[in-house]
Amino acid sequence: MARSDAARTALLDAAERLFAESGIAQASDRKVAESAGNTNHSAVRYYFGGREGLLQALITRHLAPLEEPRRAMFARSDSVLGDVRSLVVPFTDALAALPQPSSRARFLAQALHDPATADLLRESASLAPSAAAIVHSAVDRLHHLDRHVITGRARLMTRIVSTTCADVEKQSERDGTITSWHEVGDFLADAIAGMLSAPITHRHRPTLGLTDHRAAPVL
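In terms of the numbering used here, the sequence shown opens at residue 38 and continues consecutively.
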């Protein structure tokens with residue numbers, strides 16, 4: 038690995054860890070550089086052009102490797118559960134491949150709650166075209182149910198996956214245990230498929246921003 042590549046990777050790893058532990062707004066670029074062992078306190082600007090470039094690089098290194106596994110699984114899917122597994126399992130498999138305990142899931146959960154970073158996730162949808170196709174497929178398979186409601190439920194998927202994986206990752210670090218991410222993926226896929234397919238109580242349509250016109254952030 039070239040020296041510049043090693044420096045970038047160290048900054049990305051340090052940023053991911055600090056953002057996961059402290060929150061994105063709370064960890065300064067200088068703190069990221071210090072944690073990465075870089076004596077240049079302007080290293081984030083030098084290597085990434087600033088905070089937004091650093092966040093985009095973190096998002097890219099997460100999303101880009103998921104595209105091919107998702108596309109391959111989706112090509113074999115013939116059910117709502119198959120679609121959901123195509124979305125979830127590559128995500129949890131990617132977490133399983135990281136050094137344990139990792140910070141990736143907690144960083145992504147922080148990203149969803151940071152408005153500017155959530156917007157970057159939305160804008161990064163082009164890195165994950167299969168994700169949108171999978172969600173549309175799952176919704177279309179449930180055509181016998183109210184599409185307005187099913188679309189609202191589909192918007193919950195990212196939150197469910199990110200929150201659950203962040204909690205599991207945090208517990209693993211606290212307890213010193215190794216997470217079976219494959220089991221977590223199976224559990225989440227079954228639970229989400231059940232939620233999507235559940236009967237609908239027709240009192241009123243969902244509110245609380247579940248039908249926000251903007252695309253949901255992708256993970």
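Idealized CB from N, CA, C, for every residue including glycine.
Every value quoted in this text rests on a predicted model; they were computed, and no experiment measured them.
Buried or exposed: residue i, going by 16 or more other Cβ atoms within 10 Å of its Cβ?
i	result
T76	exposed
I237	exposed
D212	exposed
T214	exposed
R113	exposed
P152	exposed
S116	exposed
S41	exposed
Tell me which residues share the same chain as residue i and place their Cβ nearer than 8 Å to its Cβ, disregarding the 5 neighbours each side in the sequence.
i	result
G87	D66 and V81
R184	V176
T200	A146
Since residue i is in the alpha helix (DSSP H), which residue starts that stretch and which ends it?
i	result
A131	V117 to A134
H173	P166 to R178
R192	First-last for R192: undefined, no H or E at that position.
I229	W218 to S234
I96	R88 to L100
P106	E104 to A112
V81	A80 to F85
S65	S65 -> no alpha helix (DSSP H), and no H or E assigned at all.
Does any C-beta atom of chain D lie closer than 9 Å to the C-beta of residue i?
i	result
A70	Of the chains in the structure shown, none is chain D; there is only one protein chain.
Out of the options, which one is the CA nearest neighbour of residue i?
i	options	result
R108	T97, F128, I96 and A94	F128
L24	A170, Q208, F144 and K207	The structure shown does not extend to residue 24, since the chain is modelled only from 38 to 256, so the question has no answer here.
C202	I61, L164, V125 and E71	V125
R45	S79, P152 and P102	S79
A262	A170, S234 and M194	Since the displayed the chain opens at 38 and closes at 256, residue 262 lies outside it and no answer follows.
E160	S123, L256, R54 and A47	L256
M110	T188, R141, D42 and A168	A168
Q93	P106, L157, L225 and A62	L157
P52	S41, S72 and D42	Here residue 52 is Ala; the residue named in the question, Pro, does not match the sequence. Minimum Cα distance to A52 is reached at S72.
Q137	D227, S174 and R54	R54
I61	E89, G74, A131 and A226	E89
V186	A235, D223, A57 and R98	A235
L225	R178, V198, P102 and R141	V198
R141	Q63, L179, L100 and S163	L100
S209	E105, Q63 and S139	S139
For residue i, which residues in the same chain have their Cβ closer than 6 Å to its Cβ, ignoring the five residues on either side in sequence?
i	result
V205	T216 and V221
A133	W218
A191	V172 and V176
Which of the three DSSP states, helix, strand or coil, is assigned to residue i?
i	result
R184	helix
R159	helix
T154	helix
V255	coil
T214	coil
S139	coil
P73	The sequence shown places Ala at residue 73, not Pro. Coil.
Please list, in chain order, all residues of the same chain as residue i whose beta carbon is under 7 Å from its beta carbon, the five residues on each side excluded.
i	result
L182	I237
Y84	A44, R45 and L48
P254	L149, A155, L158, R159 and T195
I96	L157, L158 and S161
A131	P102 and L103
Beta carbon of residue i: closer than 8 Å to some heavy atom of the ligand FAD?
i	result
L149	Looking for the ligand FAD in the displayed structure turns up nothing, as the structure carries no ligands at all.
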